[in-house]
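Trainee: Numbering (the UniProt record's numbering), first residue to last: 1 to 348.
All residues carry an ideal CB built from backbone N, CA and C; glycine is no exception.
A quick note: this is a predicted structure, and the numbers were derived from the prediction, not measured.
Dumping the structure here so I can ask a few things about it.
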Amino acid sequence: MILRRTLMLVCSTVPVLLLLLLYGGLGSLQRASSSSLRGQLFGSPLYKLDLTWPRNPELFTGAVFAVGVDQYAGVVYVAQRGDAVPRMLVFSTDGHFLMSWNSSSLEEPHGVFVADAATSSPSVWVTDVGSGPYGHCIKQYSPSGKLLQVLGTPGQAGTGLSPLQFDNPAEIYVHSSGEMYIVDGDGGLNNRLIKLSSELEVVWVQGEKGSGLTQFHIPHSVTVDSYQRVWVADRANKRIQVFSAVTGGWLGTWGSCFTEDGPFSVRFTPDKKHLVVVQLDTNQVSLLEAPPVGVIGQCRVESVIQLGEDTKPHLVDLDLKTGALYVAEIGAQQAQKFTPFSLGGSLL
């Protein structure tokens, strides 16, 4: 069993008291010291590791690819892959195991998004990059794992828009309006961003394979801010591209922050002050300063969580009530929870 990583501030002047507070007391610090896989925190300390989540880490039995949070129900969905492992593990936000899904309709989950969480009928959207009869699709499930709807042509990779076809769809973001934003192209035929209406009609499509503006090379994650801007992790091009949610028009690009490794995941913190970005090959989770309305500008890293070697963080999600950050880690075969410090980085 791979031991759980912990955070460690890297600075010779950091007092012992700070470390004790960071780990929640001497007992927790002793547990952290026993781990062979450590993490480091650079810049302003904005998050700390929750060592108590989940309460049964041994339930992770596969490669963990994605997490999705229902902040209203207090539930976290963790998608994993592997032979004879449940494709979805469901935990409470305080770490208790609730259930697992063993649906045969879910082959190789890639991205997870919880939609309509504020309503009485939330659903869990999962992108499936499997190559079998259920692959190359995006699926809507009930919270208990009942298949409700399928987008795409099951088992058939393609480029069509009517009917919809996908090839290794990476992630879906469902806006509160019901509109959907899909990045289609985790190494497949397509390198595109698709917007669907709440009636599942294609509104606009942006992108093709390439390195120019509005082109993509493995668009891997998508999120939307409160200013109607769509942010796409353009992974292999080592940049984030920004588009208008209304027209699909290009608004800007961030690339200077990603010289060593491209962005794999993008999500905003609840206060919209930071964009959380994951870089798998460098094992980093970074918090970038989010730009105000009307300005994209240049990216600026405010804080970095440097995870242990071969952790391979893939996709993240946040609890929009508490600000808690959940990280899916392929290499470590686990998901971890990080909680925010209060007052923008000061210790609790």
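Residue 285: which of 297, 308, 272, 85 sits nearest, CA to CA?
Mentor: Comparing Cα-Cα distances from residue 285 to each of 297, 308, 272, 85, the minimum goes to 308.
Trainee: Entirely within the region 62-134 and at least 3 residues each: give me those beta strand (DSSP E) ranges in chain order.
Mentor: Within the region 62-134, the complete beta strand (DSSP E) runs of at least 3 residues are 63-70, 75-81, 88-92, 97-101, 109-115, 123-128.
Trainee: Expressed to the nearest angstrom, what Euclidean distance is found between the alpha-carbon atoms of residue 124 and residue 282?
Mentor: Cα-Cα distance, rounded: 29 Å.
Trainee: Go through its chain and collect everything with a Cβ distance to residue 251's Cβ below 7 Å, but skip five positions before and after it.
Mentor: The answer, listed in chain order, is 229, 242, 243, 244, 296.
Trainee: Which residue marks the beginning of the beta strand (DSSP E) containing residue 229, and which one marks its end?
Mentor: 229-234 is the span of the beta strand (DSSP E), which, as asked, contains residue 229.
Trainee: According to DSSP, what are the bridge partners of residue 195?
Mentor: 181, 204, per the DSSP bridge assignment.
Trainee: So what's residue 19 in DSSP terms, helix, strand or just coil?
Mentor: The predicted position of residue 19 is uncertain, since its pLDDT is 32 and thus under 50; a value taken from the coordinates is nonetheless stated next. Helix, per DSSP.
Trainee: Please report the distance separating the alpha-carbon of residue 147 from that of residue 120.
Mentor: Cα to Cα, residue 147 sits roughly 17 Å from residue 120.
Trainee: Hey, how far is the Cα of residue 238 from the Cα of residue 279?
Mentor: Each residue's alpha carbon lies about 10 Å from the other.
Trainee: Assign residue 336 to buried or exposed, taking buried as 16 or more other Cβ atoms, counted over all protein chains shown, within 10 Å of its Cβ.
Mentor: Classification of residue 336: buried, given that the 10 Å Cβ count is 16 or more.
Trainee: State the beta-bridge partners of residue 289 as determined by DSSP.
Mentor: DSSP output for residue 289 lists 274 as bridge partner(s).
Trainee: Residues in its own chain within less than 7 Å of residue 116 by CB, not counting five upstream and five downstream?
Mentor: Hits under 7 Å: 122, 123.
Trainee: Cutting at 6 Å between CB atoms, please list the residues of its own chain near residue 261, excluding the five before and the five after it.
Mentor: So the qualifying residues of the chain are 279, 281, 282.
Trainee: With residue 357 and residue 134 assumed to form a contact (beta carbons below 8 Å), what rounded beta-carbon distance in angstroms separates them?
Mentor: Look at the range of the chain in this structure, 1 to 348, and you will see that residue 357 is not part of it.
Trainee: Within 10 angstroms of its Cβ, does residue 265 collect 16 or more other Cβ (buried), or is it exposed?
Mentor: Under this definition residue 265 is a buried residue.
Trainee: Closest to residue 170 by CA distance: which of 140, 150, 222 is it?
Mentor: Measuring from the Cα of residue 170, the nearest candidate turns out to be 222.
Trainee: Measure the alpha-carbon distance for residue 74 versus residue 209 and round it to whole angstroms.
Mentor: Cα-Cα distance, rounded: 39 Å.
Trainee: Can you tell me which of the three DSSP states residue 58 falls into?
Mentor: Three-state result, residue 58: helix.
Trainee: When the Cα of residue 118 is compared with those of 200, 174, 277, 166, which residue comes out closest?
Mentor: Here the closest residue by C-alpha is 174.
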